[in-house]
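2 protein chains.
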Amino acid sequence: MERGKVTSAQVAARAGVSQSAVSRVFTPGASASRKTIEKVRLAAAELGYRPNVLARAMVSGKSRIIGVVVAYLENQFYPLALERLSVALQARGYHILIFTAYNSIGEADAVVEEMMDYQVDGIITASVAISSTLANRAKTAQIPVVLFNRGQNDSGLPSVTSANVAGGRKAAEFLLAGGHDRIAHIAGWQGSSTGRDRQAGFLSALQEAGVAPFALIDGMYKRDIAMDCARDLIAGPTRPDAIFVGNDHMAFAVMDVLREAGLVPGRDISVVGYDDVPLSSWGAYDLTTIRQPVNRMVDATVEMIIDHIETPGATPQQIEIDSELQIRSSARIPEGWKK
Amino acid sequence: MERGKVTSAQVAARAGVSQSAVSRVFTPGASASRKTIEKVRLAAAELGYRPNVLARAMVSGKSRIIGVVVAYLENQFYPLALERLSVALQARGYHILIFTAYNSIGEADAVVEEMMDYQVDGIITASVAISSTLANRAKTAQIPVVLFNRGQNDSGLPSVTSANVAGGRKAAEFLLAGGHDRIAHIAGWQGSSTGRDRQAGFLSALQEAGVAPFALIDGMYKRDIAMDCARDLIAGPTRPDAIFVGNDHMAFAVMDVLREAGLVPGRDISVVGYDDVPLSSWGAYDLTTIRQPVNRMVDATVEMIIDHIETPGATPQQIEIDSELQIRSSARIPEGWKK
DNA sequence: CTGAAAGCGCTTACAG
DNA sequence: CTGAAAGCGCTTACAG
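So the sequences go chain by chain: A and B.
For the first sequence, UniProt numbering gives the first residue as 1, with consecutive numbering after it.
For the second sequence, UniProt numbering gives the first residue as 1, with consecutive numbering after it.
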């Protein structure tokens, strides 16, 4: 029946109408008579015709493709976010062109440029920063950029994050309330806004309580680095009685190290993470953590990017989604606090 | 400097050459004089010109986009595969358009059709099956399809899987060698080739040993179903002394249930999984499992799809990558077997 | 090597 | 409502 690509012209010929008529039948909102619609639909079905999205994109200037830059897929938070992003965007008729990039801004920039080559309608960067130069290029090219789970204050770029400073504070307050006084922090990567903000919140709460941090180390969001940090922490003559870890992914590593050393998290040393990925609630870890509501963050991101696509003038916002403490058993529960 | 999109015509005007000359400078392999190249590169740089990939795709018929269908991103195996897939494809100048689909074939079909609308050069379906009708449409449209981690014998579609039957056998042989004789199987989804093959291998090894399976249940690759299965298994008057679980994702659930019931995996009940995702090696689980080498599977997939894209006539192959036993502590280690 | 021209498959004013 | 025509931004024979 169909050999190779079927075009609107072929459908037009078969239906006995003009090519423009075929186009109109497949263009939502365009006008066509009942009779034309019928003839065209029939011919299209017989031929197996479907409009070429790329051709449509060329003339309309809308590709309905959103570029998404990802990294850190080993941290369960991101695949989850990606999945929901994809589902939410698909539901609105957009699709995701994925690019992977790692830490360096240079790489992220290159990747974003490539995305622009594909005429994406918008760009979402998950946990990745781009240079202000490139942010400007995107702006002049009229391609909205939204940062997911990363802020970039200077850039004025729209972003969606959780309330990281407040979250860091909550972790500290919880640990303080639990009577800990040797609280270490294995921080999230200090080159990222999330890592810095969580640490800042944590430190300020400690300071207000007049407690000095037991130790402060950058765990870089990496499992093996976090393990090294944890080993160092428990090797010394005095140990911390609690560790606030910059994200769950590293907190699991810390708990593994503690247990290997015969220490029981929640009894011997309290561990608090950040993210509340599904694994945190699984029996093996049962991690107390600060929840980043991935659903709400994704929804806000989708809404924001579509908003910017549809109304080009829209003012960029930096949205912060509330983060809340999720109490489990990896850290001592203060009197009167409920699980 | 640049306002909106810069086109090759603008670059041509500035460089004082024809539009075709500009195109040639940006087309690898096309001929242009040294002088032309210089003038064009300069003008392009000044204007911030980059070729419109979509326009190129229209005329060349090559979009350099590969459509990837994913599901089950909660199973760590897939984000990992996706990441490597993306990196490998990016390195070869391709990019990934992601579509999410869940179990129903109808949905997968719809998604694959949408991909074809985007004129993708090829399609990779990860852990998802499509109808033979659609497979045929893809074939007539000359769009190669490769199944990743799923076979579909009847379809004759190219596929890359691990040696699931052999893997299932290995799990059984290991458990048998360990002296277990009440071996249960919480199987992978029986609607999938992986689930069926692993079970088939497992059963055949048991049968050869003259051992009847203690129980056989479809865990559907779902965490909560696996938990229910595990609870049922340990609730009865006699318990299994080993459980082979259809994938690691479910095996973690099983281990969580066992521990909650005060049972120690590897001592009271042996647990063997399938996949060897990173989490399996983490201290909290230390799961004995059958390794699916994701790197090699991805490499084979990439090679295969590119092969089919570049040489349209290529004969479809079903590649099976060896799977091997990874011994850890979640299951009793038979005398003389090494970790 | 280089330019003029056709064409990829569509959408969208423009007349009728 | 409908068709003829222009045009989206490129690549690629075709002459020169």
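Think of the CB as a built atom: it goes at the ideal place given N, C-alpha and C, for glycine as much as any other residue.
Here the structure is a predicted model, which means the values were calculated and not measured.
Q: Output yes if chain B places a C-beta closer than 8 angstroms to the C-beta of A/TRP282; else output no.
A: Residue numbering aside, residue 282 of chain A sits at position 282 when the first sequence is read from its first letter. Interface residue, yes.
Q) If you draw a straight line from the alpha carbon of A/LEU80 to that of B/PHE99, how long is it in whole angstroms? A) What you label residue 80 of chain A is simply residue 80 of the first sequence in a count that begins at 1. What you label residue 99 of chain B is simply residue 99 of the second sequence in a count that begins at 1. Those two C-alpha atoms are separated by around 14 angstroms.
Q. When the Cα of A/LEU206 is compared with those of A/SER193, A/GLY219, A/VAL165, A/ARG239, which residue comes out closest?
A. As a position in the first sequence, residue 206 of chain A is number 206, starting the count at 1. Checked all of A/SER193, A/GLY219, A/VAL165, A/ARG239; the closest Cα to A/LEU206 is A/VAL165.
Q. What residue range is occupied by the uninterrupted beta strand (DSSP E) comprising A/SER162?
A. Against the first sequence, residue 162 of chain A aligns to sequence position 162. Note, A/SER162: beta strand (DSSP E), 159 to 162.
Q: Pull out every residue of the UniProt domain "HTH lacI-type" (6 to 60) of chain B whose Cβ sits closer than 8 angstroms to any Cβ of chain A, in chain order.
A: GLY48, ARG50, PRO51, ASN52, VAL53, LEU54, ALA55, ALA57, MET58
Q) DSSP on B/THR125, reduced to helix/strand/coil? A) Taking the second sequence and counting its residues from 1, one reaches residue 125 of chain B at position 125. Strand at B/THR125.
Q: In the DSSP assignment, find the unbroken alpha helix (DSSP H) run with B/THR194 in it and report its ends.
A: Along the second sequence, one-based indexing puts residue 194 of chain B at 194. First-last of the alpha helix (DSSP H) with B/THR194: 193 to 208.
Q: Please list, in chain order, all residues of the same chain as B/SER86 whose beta carbon is under 6 angstroms from its beta carbon, the five residues on each side excluded.
A: Taking the first residue of the second sequence as 1, we reach residue 86 of chain B at position 86. So the qualifying residues of the chain are ILE96.
Q | Residue span of the alpha helix (DSSP H) that contains A/ARG137, given as start and end | A | For this step, residue 137 of chain A is matched to residue 137 along the first sequence. First-last of the alpha helix (DSSP H) with A/ARG137: 132 to 140.
**Q.** Extent of the continuous alpha helix (DSSP H) to which A/GLU324 belongs
**A.** Taking the first residue of the first sequence as 1, we reach residue 324 of chain A at position 324. A/GLU324 -> not in any alpha helix (DSSP H); beta strand (DSSP E) instead, spanning 324 to 326.
Q. With respect to the alpha helix (DSSP H) encompassing B/PHE99, which residues constitute its N-terminal and C-terminal limits?
A. On the second sequence, residue 99 of chain B is found 99 positions in, with the first residue counted as 1. It is not in any alpha helix (DSSP H) - B/PHE99 instead sits in the beta strand (DSSP E) that spans 95 to 100.
(Q) Can you tell me whether A/SER8 is buried or exposed? The criterion is at least 16 other CB atoms within 10 Å of its CB, across all chains shown. (A) Position 8 of the first sequence, counted from the first residue, corresponds to residue 8 of chain A. It counts as buried.
(Q) Quick check on DSSP: helix, strand or coil for B/PRO265? (A) The residue you call residue 265 of chain B lines up with position 265 of the second sequence. B/PRO265: strand per DSSP, three-state reduction.
Q) Taking all protein chains shown into account, do 16 or more other C-beta atoms lie within 10 angstroms of the C-beta of B/MET1, making it buried, or fewer, making it exposed? A) Counting from 1 along the second sequence, the entry for residue 1 of chain B is found at position 1. The pLDDT assigned to B/MET1 is 36, lower than 50, so where the model puts this residue is not dependable; a value taken from the coordinates is nonetheless given after this. By the neighbour-count rule (16 or more Cβ atoms within 10 Å), B/MET1 is not buried but exposed.
Q.
Is the beta carbon of A/ALA12 closer than 8 angstroms to that of A/VAL22?
A. To locate residue 22 of chain A, count along the first sequence from 1; it is residue 22. To locate residue 12 of chain A, count along the first sequence from 1; it is residue 12. Yes, the Cβ-Cβ distance between A/VAL22 and A/ALA12 is below 8 angstroms.
Q: Drop a sphere of 10 angstroms on the beta-carbon of B/ALA45, count the other beta-carbons inside from all chains shown, and report buried for 16 or more, exposed for fewer.
A: Translated into positions along the second sequence, residue 45 of chain B becomes position 45. Looking at its Cβ environment, which holds fewer than 16 other Cβ atoms inside 10 Å, B/ALA45 is exposed.
Q.
With a threshold of 8 angstroms between beta-carbons, can A/TYR221 be considered close to chain B, or not?
A. Counting from 1 along the first sequence, the entry for residue 221 of chain A is found at position 221. No, its Cβ sits nowhere closer than 8 angstroms to a Cβ of chain B.
**Q.** Interface residues of chain B facing A/ILE130 [CB-CB closer than 7 angstroms]
**A.** Locating residue 130 of chain A in the first sequence gives position 130, where the first residue counts as 1. The contacting residues do not exist; A/ILE130 stays about 16 angstroms from chain B at best.
Q: Label A/LEU42 either buried or exposed according to how many other C-beta atoms from any shown protein chain fall within 10 Å of its C-beta, with 16 as the threshold for buried.
A: As a first step, residue 42 of chain A is located in the first sequence; it is residue number 42 there, counting from the start. Result: exposed.
Q) Name the residues in the stretch 74 to 103 of chain A whose C-beta lies less than 8 angstroms from a C-beta of chain B; which are they? A) GLU74, GLN76, TYR78, PRO79, LEU80, LEU82, GLU83, SER86, VAL87, GLN90, HIS95, ILE96, LEU97, ILE98, PHE99, THR100
Q: Answer with yes or no whether the minimum CB distance from residue 343 of chain B to chain A is below 8 angstroms.
A: Within the shown structure, residues of chain B are numbered from 1 to 339, placing residue 343 of chain B beyond reach of any answer.
**Q.** Three-state secondary structure assigned by DSSP to B/ALA184
**A.** Residue numbering aside, residue 184 of chain B sits at position 184 when the second sequence is read from its first letter. Three-state DSSP puts B/ALA184 in a strand.
Q: Could you pull out every residue in the same chain whose Cβ sits closer than 6 angstroms to the Cβ of A/ALA15, ignoring the five residues on either side in sequence?
A: As a position in the first sequence, residue 15 of chain A is number 15, starting the count at 1. LYS39, VAL40, ALA43, listed in sequence order.
**Q.** Contiguous alpha helix (DSSP H) assignments of at least 4 residues, all confined to the stretch 250 to 335 of chain A
**A.** 278 to 281, 294 to 310
Q | Contact set for A/ALA30: own chain, Cβ-Cβ below 7 angstroms, skip 5 residues either direction | A | Residue 30 of chain A sits at position 30 when you count from the first residue of the first sequence. Closer than 7 angstroms at the Cβ level, and outside the excluded window around A/ALA30, lie ARG24.
Q: Identify whether A/VAL17 lies in helix, strand or coil by the three-state DSSP scheme.
A: If you number the first sequence from 1, residue 17 of chain A lands on position 17. Three-state DSSP puts A/VAL17 in coil, outside helix and strand.
Q: May I ask whether a heavy atom of the ligand ATP can be found less than 7 angstroms away from the beta carbon of B/ASP307?
A: The ligand ATP is not part of the structure shown, which contains no ligands of any sort.
Q. Alpha carbon to alpha carbon, how far is B/ARG50 from A/ILE309?
A. For the purposes of this step, residue 50 of chain B is identified with residue 50 of the second sequence, where counting begins at 1. For the purposes of this step, residue 309 of chain A is identified with residue 309 of the first sequence, where counting begins at 1. Taking the straight line from one Cα to the other gives about 21 angstroms.
(Q) If the criterion is Cβ atoms closer than 8 angstroms, does the pair A/ASP248 and A/TYR274 meet it? (A) Reading the first sequence from its first residue, position 248 is the one you call residue 248 of chain A. Reading the first sequence from its first residue, position 274 is the one you call residue 274 of chain A. Yes.
Q | Three-state secondary structure (DSSP) of B/ASP218 | A | Mapped onto the second sequence, residue 218 of chain B falls at position 218. DSSP places B/ASP218 in strand when its eight states are reduced to three.
Q. Under a three-way DSSP split, which group does B/ILE66 fall into?
A. Here residue 66 of chain B is taken as the residue at index 66 of the second sequence, counted from 1. If DSSP states are grouped into helix, strand and coil, B/ILE66 belongs with the strands.
Q: Kindly give me the distance between the Cβ atoms of B/ALA101 and B/SER323, rounded to whole angstroms, as I take these residues to be in contact under 8 angstroms.
A: The residue labelled residue 101 of chain B in the question sits at position 101 within the second sequence. The residue labelled residue 323 of chain B in the question sits at position 323 within the second sequence. Contact doesn't hold; Cβ gap of about 26 angstroms is too wide.
Q.
For A/THR161, count the other beta carbons within 10 Å of its own beta carbon; 16 or more makes it buried, fewer makes it exposed. Which is it?
A. Here residue 161 of chain A corresponds to residue number 161 of the first sequence, with the count starting at 1. Flag for A/THR161 reads buried.
Q.
Tell me the DSSP secondary structure of B/ALA242 in three-state form.
A. Against the second sequence, residue 242 of chain B aligns to sequence position 242. Strand at B/ALA242.
Q) With which residues is residue 352 of chain A paired in a DSSP beta bridge? A) Here chain A comprises residues numbered 1 to 339, so residue 352 of chain A is not present and cannot be evaluated.
(Q) Check this for me: beta carbons of B/THR289 and B/ALA251, under 8 angstroms apart or not? (A) For the purposes of this step, residue 289 of chain B is identified with residue 289 of the second sequence, where counting begins at 1. For the purposes of this step, residue 251 of chain B is identified with residue 251 of the second sequence, where counting begins at 1. Result yes, Cβ atoms of B/THR289 and B/ALA251 sit closer than 8 angstroms.
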